[in-house]
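Using numbering that gives the first Met the number 0, the first residue of the sequence shown is number 0, and each one after it goes up by one. Glycine residues also receive a C-beta, built at the ideal position from the N, C-alpha and C atoms. The model shown is predicted, which means the values in this text are computed figures rather than measured ones.
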Amino acid sequence: MKPFLTTQTSIKEDWISQLANVITDFNELLALLGLSQHPDLIAQHTVRDHFSLRVPRSFVARMQKGDPQDPLFLQVATSQNELISALGYNIDPLSESSYNVCSGILHKYHNRALFLVKGRCAVHCRYCFRRYFPYKDHKGNKVNWQKALQYIHRQNNLDEIILSGGDPLIATDAELSWLFTQLEQVPHLKRIRIHTRLLVVIPQRITTALCERIKRSRLKVLIVTHINHSQEINDELCHGIWLLTRSGVTFLNQSVLLHDINDNAVTLAALSNALFDAGILPYYLHLLDKVHGSAHFYVSDDRARIIFRDFITKVSGYMVPKLVREIPGELSKTPIDLNMHQEKIQINV
């Protein structure tokens, strides 16, 4: 595998220029994929002022041309399905507003808190449960970060901070280095966890400066990638993961079970194998958070159980993520009971 890292300057310009040159026009996306004349896609498209189309070209390059059912395309393509009001769906499905203890901090669980570093993402995934989150109230700057850090200093029960967003890796290397320095000065912290999709869709975000700063940290650093399909994993991403692993990073992955994207045992098995081969341990497989506009991605609990039962027969035990759902008010993620000893429900999977 050839390294894609060259010099720090060129890398910095590369990921930032890619971020500035993402696709925001649906017709351009269709043209790149050879789908401009597809009548169903044109009819289904909807222009959205809120949470508009946004996808990096490097991610589009992994999509199959001419395939309107490509699993990567379906994750990012805007659709009129998003305009459907479905029972049980709302704009804050995890009641995160009730855990917002100060600007930039969501404190849901006893020993860990979410630090909302930046409100932007490199890609707008159509199932995102934070698509309506009020990021304007959580601006990612040092003034607000200082307030968040003051809260973290006061909470002696915290031993882990989860850098989230948006995407925390939207922050520059200099900003992340500053944040690391501040967090390293909190005596009760042991770990920093980074949840990101940016390094998946733009692997060049993995810079020499980022690797070196993580390597110097006294805190254990974990990175949780958000990958839903094996097709998302390419050589550039694998090389970047290798570089960060050499810097001491532990890699985990969380996925969402999504209708028509990864809702079958063979696809999930391929994902787990690809993740493990890349140096990432499968961690969570989430059931969909019911955010308004995402009902077309829904997979029922019963069908999820059937799929998962089949899936676990196809991979080694260490490649099996936990099947979970997040329930507002619960003190942890809630595992889904597979009902292994009950009569199987007859569902076509």
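Apart from the five residues just before and just after residue i, which ones in its own chain have a Cβ nearer than 6 Å to its Cβ?
{"i": "Leu178", "result": "none"}
{"i": "Gly65", "result": "Gly33"}
{"i": "Phe275", "result": "Met318"}
{"i": "Leu113", "result": "Leu105, Ile161, Ser163"}
{"i": "Ile90", "result": "Tyr131, His291"}
{"i": "Gln154", "result": "none"}
{"i": "Ala170", "result": "Val116, Lys117"}
{"i": "Asp309", "result": "Ala264"}
Can you tell me whether residue i is buried or exposed? The criterion is at least 16 other CB atoms within 10 Å of its CB, across all chains shown.
{"i": "Thr6", "result": "Residue confidence is low: Thr6 scores 34 on pLDDT, short of 50, so the model does not pin down where it sits. Its coordinate-derived value is still stated next. Counting Cβ neighbours within 10 Å, Thr6 comes out exposed, since fewer than 16 surround it."}
{"i": "Asp69", "result": "buried"}
{"i": "Pro202", "result": "buried"}
{"i": "Ile344", "result": "Any reading at Ile344 must be qualified, since the residue scores a pLDDT of 47, below 50, and its modelled position is unreliable; no value is offered."}
{"i": "Ala60", "result": "exposed"}
{"i": "Ser57", "result": "buried"}
{"i": "Pro92", "result": "buried"}
{"i": "Ser293", "result": "buried"}
{"i": "Arg196", "result": "buried"}
Note down, in chain order, each residue of its chain lying with its Cβ closer than 7 Å to the Cβ of residue i, except the 5 sequence neighbours on either side.
{"i": "Thr23", "result": "Ser51, Leu52, Arg53"}
{"i": "Ile10", "result": "Below a pLDDT of 50, predicted positions are generally treated as unreliable, and Ile10, at 41, falls in that range; the measurement from the model is reported next regardless. If we look at Ile10 and ignore the five residues flanking it on each side, its Cβ neighbours are Leu4, Gln203, Thr206, Thr207."}
{"i": "Arg217", "result": "Glu183"}
Compute the distance between the beta-carbons of residue i and residue j, then report whether it is under 9 Å.
{"i": "Ile335", "j": "Arg302", "result": "no"}
{"i": "Trp144", "j": "Gln181", "result": "yes"}
{"i": "Glu231", "j": "Val200", "result": "yes"}
{"i": "Asp288", "j": "Val255", "result": "yes"}
{"i": "Leu188", "j": "Glu159", "result": "yes"}
{"i": "Cys350", "j": "Leu168", "result": "Only positions 0 to 348 of the chain appear in this structure, which leaves residue 350 out of reach."}
{"i": "Arg125", "j": "Ala76", "result": "yes"}
{"i": "His285", "j": "Tyr88", "result": "no"}
{"i": "Tyr98", "j": "His109", "result": "no"}
{"i": "Cys237", "j": "Ala277", "result": "yes"}
{"i": "His194", "j": "Leu162", "result": "yes"}
{"i": "Lys321", "j": "Ala264", "result": "no"}
{"i": "Leu270", "j": "Ser229", "result": "yes"}
{"i": "Pro67", "j": "Val21", "result": "no"}
Between the options, which lies nearest to residue i when the distance is taken from Cα to Cα?
{"i": "Tyr134", "options": "Ile161, Asp166, Arg153, Arg111", "result": "Asp166"}
{"i": "Ile326", "options": "Ser94, Ile83, Ser57", "result": "Ser94"}
{"i": "Lys146", "options": "Ala173, Arg129, Val116, Asn156", "result": "Val116"}
{"i": "Arg215", "options": "Leu197, Ser246, Glu235", "result": "Ser246"}
{"i": "Phe296", "options": "Asn261, Val21, Ser16", "result": "Asn261"}
{"i": "Ala26", "options": "Glu329, Tyr98, Gln74, Gln43", "result": "In the sequence on display, residue 26 carries Asn and not Ala. Closest option to Asn26, Cα to Cα, is Gln43."}
{"i": "Arg129", "options": "Asn233, Val248, Ser16, Ser96", "result": "Ser96"}
{"i": "Val142", "options": "Asn80, Tyr131, Trp14, Ser102", "result": "Ser102"}
{"i": "Pro186", "options": "Leu198, Leu148, Leu221", "result": "Leu148"}
Just the Cα atoms here: how many angstroms apart are residue i and residue j?
{"i": "Ile191", "j": "Ile213", "result": "10 Å"}
{"i": "Leu82", "j": "Cys127", "result": "15 Å"}
{"i": "Ile41", "j": "Phe72", "result": "14 Å"}
{"i": "Phe307", "j": "Leu28", "result": "33 Å"}
{"i": "Arg119", "j": "Lys138", "result": "10 Å"}
{"i": "Tyr282", "j": "Leu31", "result": "33 Å"}
{"i": "Asp172", "j": "Asn338", "result": "46 Å"}
{"i": "Lys219", "j": "Ser35", "result": "47 Å"}
{"i": "Leu18", "j": "Ala121", "result": "6 Å"}
{"i": "His49", "j": "Ser78", "result": "13 Å"}
{"i": "Ala208", "j": "Ser176", "result": "9 Å"}
{"i": "Thr206", "j": "His258", "result": "34 Å"}
{"i": "Thr266", "j": "His37", "result": "26 Å"}
{"i": "Gln63", "j": "Asn140", "result": "38 Å"}
{"i": "Asn272", "j": "Ser315", "result": "9 Å"}
{"i": "Glu329", "j": "Val100", "result": "17 Å"}
{"i": "Arg111", "j": "Tyr150", "result": "12 Å"}
{"i": "Ser16", "j": "Leu198", "result": "14 Å"}
{"i": "Val248", "j": "Ile222", "result": "7 Å"}
{"i": "Trp14", "j": "His123", "result": "17 Å"}
{"i": "Ser349", "j": "Asp39", "result": "The requested residue 349 is not part of the displayed model; the chain covers only 0 to 348."}
{"i": "Gln74", "j": "Asn80", "result": "13 Å"}
{"i": "Asp136", "j": "Asn233", "result": "36 Å"}
Using C-beta distances below 8 Å, list every residue in its chain close to residue i, excluding the 5 sequence neighbours before and after it, in chain order.
{"i": "Ile279", "result": "Thr224, Ile226, Ile240, Phe250, Leu251, Asn252"}
{"i": "Thr333", "result": "Val323, Arg324, Glu325, Ile326"}
{"i": "Ile311", "result": "Val319"}
{"i": "His351", "result": "Since the first residue shown for the chain is 0 and the last is 348, residue 351 is missing from the structure and cannot be characterised."}
Output yes if chain D places a C-beta closer than 9 Å to the C-beta of residue i; else output no.
{"i": "Gly87", "result": "Within the model displayed, chain D is absent; a lone protein chain is all it includes."}
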